[in-house]
Amino acid sequence: MPLRSFQAKGRPSAIAGVGVYAPKKIISNFDLEKMMDTSDKWITERTGIRRRHIAEPGTTTFELATKAARSALDAAGVAPKDLDMILVGTSSPDGPFPSVACRIQNELDAPGAVAWDTLAACTSFVYALSIADSFIATERADTVLVVGAEVLSRMLDYSDRGTAVIFGDGAGAAVVRTAPKGAGFLSWCLGSDGRGYAQVTAGNIEKGAYAAKDPAPFIDMVGPDVFKFAVDIFIRQATEVCQAAGVGLDEIDLWVPHQANFRIIDAAARRIGLPIERVAVNIDEYGNTSSASIPLALEEAIRNGRVKPGDHVLLAGFGSGLTWGATLLKWA
Numbered sequence: 006m007p008l009r010s011f012q013a014k015g016r017p018s019a020i021a022g023v024g025v026y027a028p029k030k031i032i033s034n035f036d037l038e039k040m041m042d043t044s045d046k047w048i049t050e051r052t053g054i055r056r057r058h059i060a061e062p063g064t065t066t067f068e069l070a071t072k073a074a075r076s077a078l079d080a081a082g083v084a085p086k087d088l089d090m091i092l093v094g095t096s097s098p099d100g101p102f103p104s105v106a107c108r109i110q111n112e113l114d115a116p117g118a119v120a121w122d123t124l125a126a127c128t129s130f131v132y133a134l135s136i137a138d139s140f141i142a143t144e145r146a147d148t149v150l151v152v153g154a155e156v157l158s159r160m161l162d163y164s165d166r167g168t169a170v171i172f173g174d175g176a177g178a179a180v181v182r183t184a185p186k187g188a189g190f191l192s193w194c195l196g197s198d199g200r201g202y203a204q205v206t207a208g209n210i211e212k213g214a215y216a217a218k219d220p221a222p223f224i225d226m227v228g229p230d231v232f233k234f235a236v237d238i239f240i241r242q243a244t245e246v247c248q249a250a251g252v253g254l255d256e257i258d259l260w261v262p263h264q265a266n267f268r269i270i271d272a273a274a275r276r277i278g279l280p281i282e283r284v285a286v287n288i289d290e291y292g293n294t295s296s297a298s299i300p301l302a303l304e305e306a307i308r309n310g311r312v313k314p315g316d317h318v319l320l321a322g323f324g325s326g327l328t329w330g331a332t333l334l335k336w337a
């Protein structure tokens, strides 16, 4: 399927601050050995994951998202009253409605912000960033809070080592604001391929997750198919956004990929020609946190001094749907 990529147009925008939150409870591979037929060696070799943060029973996606949102606002030096929009990407909302975003708006006391959730599975954060950029580019917003938050542990079957070992809980947020010309988001690549809808599912999608008597809410994944798709789409996205921005692949200073599987990240980085030292990787600590994984990895890179003004930073995700999204930024 051809990819759709384009240069950022209109008024420029950039990420002004990033914040994260991860639950305190940690489940290691050794803990999982006691729960199912698996081993630390088996998990580490196949995924690169060693630990994952898990929310306590009763913890909501809204709670994690709000903590990350406050942290991002602090990092950006922005008051809630100055927000024009709040966008939340999540695959694990606390219910069909109201949206997590509306609850955050109320909790932060940001009455001027229009708020809604967006669902593109693990690509949700990038999709939400693209919406923020579009609204700022067309002067319909100046300051947007974008959140990716998940409590995936409540969707896991702990007898299935193919999925239960992979996912974790967490939240990340970014404040997007107007930027100087030539800085911020330079280009985008966004797309979907519904032919692969059955590769990653949760709930009884044929009967309707909320209508079926037994909706089978657990995450189910066709691992080999997802692996092939992910490596290919990472490579193609990187090529597309760099071409759209007029930037060489060798000019990428930091790649922040969706943290799905270290083998996927490593294989794609090798084929793109990026040394692993220029890739943000923290899947060993958090596992796959879906829409939260990119901001979790980006915040860690910023905190560790791996991002500086003028750097070309590539954010790239993929997810159920199938969906994908990437953006190239010149860090402001």
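The opening residue of the sequence shown carries number 6 in my numbering; numbering runs sequentially from there. Virtual Cβ for every residue (Gly too), placed ideally from N, Cα, C.
So who's on the other strand from residue i, going by DSSP bridges?
{"i": "L167", "result": "Checking the sequence shown, residue 167 turns out to be Gly, not Leu. According to DSSP, which records beta bridges pairwise, G167 is partnered with nothing at all."}
{"i": "H263", "result": "In DSSP, H263 forms no bridge with anything."}
{"i": "N34", "result": "BP columns for N34 are empty, so no partner."}
{"i": "L150", "result": "I91, V180"}
{"i": "G24", "result": "A178"}
{"i": "V284", "result": "W260"}
{"i": "V318", "result": "L259, L334"}
{"i": "I224", "result": "A207"}
Helix, strand or coil: which one does DSSP assign to residue i?
{"i": "A179", "result": "strand"}
{"i": "V131", "result": "helix"}
{"i": "G310", "result": "coil"}
{"i": "A217", "result": "Residue placement at A217 is flagged as unreliable, the pLDDT there being 47, under the threshold of 50; a coordinate-derived value is accordingly withheld."}
{"i": "N293", "result": "strand"}
{"i": "S97", "result": "coil"}
{"i": "D45", "result": "helix"}
{"i": "G324", "result": "strand"}
{"i": "D162", "result": "coil"}
{"i": "S104", "result": "coil"}
{"i": "F172", "result": "strand"}
{"i": "A137", "result": "helix"}
{"i": "A272", "result": "helix"}
{"i": "E61", "result": "coil"}
{"i": "E155", "result": "strand"}
{"i": "A19", "result": "strand"}
What residue range does the alpha helix (DSSP H) around residue i cover?
{"i": "Q248", "result": "228-250"}
{"i": "F190", "result": "Counting along the chain, F190 falls outside any alpha helix (DSSP H), though it belongs to the beta strand (DSSP E) covering 189-197."}
{"i": "T66", "result": "66-81"}
{"i": "R57", "result": "Premise fails: R57 lies in the beta strand (DSSP E), 56-58, not in any alpha helix (DSSP H)."}
Can you grab the Cα-Cα spacing for the pair residue i / residue j, in whole Å?
{"i": "W336", "j": "L320", "result": "12 Å"}
{"i": "R51", "j": "V236", "result": "15 Å"}
{"i": "A146", "j": "K46", "result": "49 Å"}
{"i": "L303", "j": "V231", "result": "23 Å"}
{"i": "G330", "j": "G196", "result": "6 Å"}
{"i": "S96", "j": "V252", "result": "33 Å"}
{"i": "V4", "j": "P116", "result": "Nothing about residue 4 can be read from this structure; the chain reaches only from 6 to 337."}
{"i": "V105", "j": "G324", "result": "20 Å"}
{"i": "M160", "j": "K186", "result": "43 Å"}
{"i": "F67", "j": "G24", "result": "15 Å"}
{"i": "A217", "j": "R283", "result": "Low per-residue confidence applies at A217: pLDDT is 47, beneath 50, and the placement is therefore not dependable, though the value from the model is reported in the following sentence. Rounded to whole angstroms, A217 to R283 spans 46 Å at the Cα level."}
{"i": "A207", "j": "S18", "result": "34 Å"}
{"i": "L254", "j": "T244", "result": "7 Å"}
{"i": "I238", "j": "F267", "result": "15 Å"}
{"i": "N111", "j": "T71", "result": "10 Å"}
{"i": "E144", "j": "I91", "result": "16 Å"}
{"i": "G63", "j": "C247", "result": "43 Å"}
{"i": "F190", "j": "A285", "result": "18 Å"}
{"i": "L301", "j": "K233", "result": "24 Å"}
{"i": "G292", "j": "T328", "result": "20 Å"}
{"i": "K14", "j": "G100", "result": "36 Å"}
{"i": "G177", "j": "R16", "result": "25 Å"}
{"i": "Q12", "j": "M6", "result": "20 Å"}
{"i": "K183", "j": "A154", "result": "The sequence given here has Thr at residue 183, not Lys. Their Cα atoms are separated by approximately 24 Å."}
{"i": "S192", "j": "V181", "result": "15 Å"}
{"i": "P314", "j": "I307", "result": "11 Å"}
{"i": "A74", "j": "A81", "result": "11 Å"}
{"i": "C194", "j": "A274", "result": "18 Å"}
{"i": "S76", "j": "K29", "result": "16 Å"}
{"i": "D9", "j": "R241", "result": "Checking the sequence, you will find Arg at residue 9 rather than Asp. Going from the Cα of R9 to the Cα of R241 covers about 11 Å."}
Along the chain, where does the beta strand (DSSP E) containing residue i start, and where does it finish?
{"i": "A120", "result": "119-123"}
{"i": "A207", "result": "205-207"}
{"i": "F11", "result": "9-12"}
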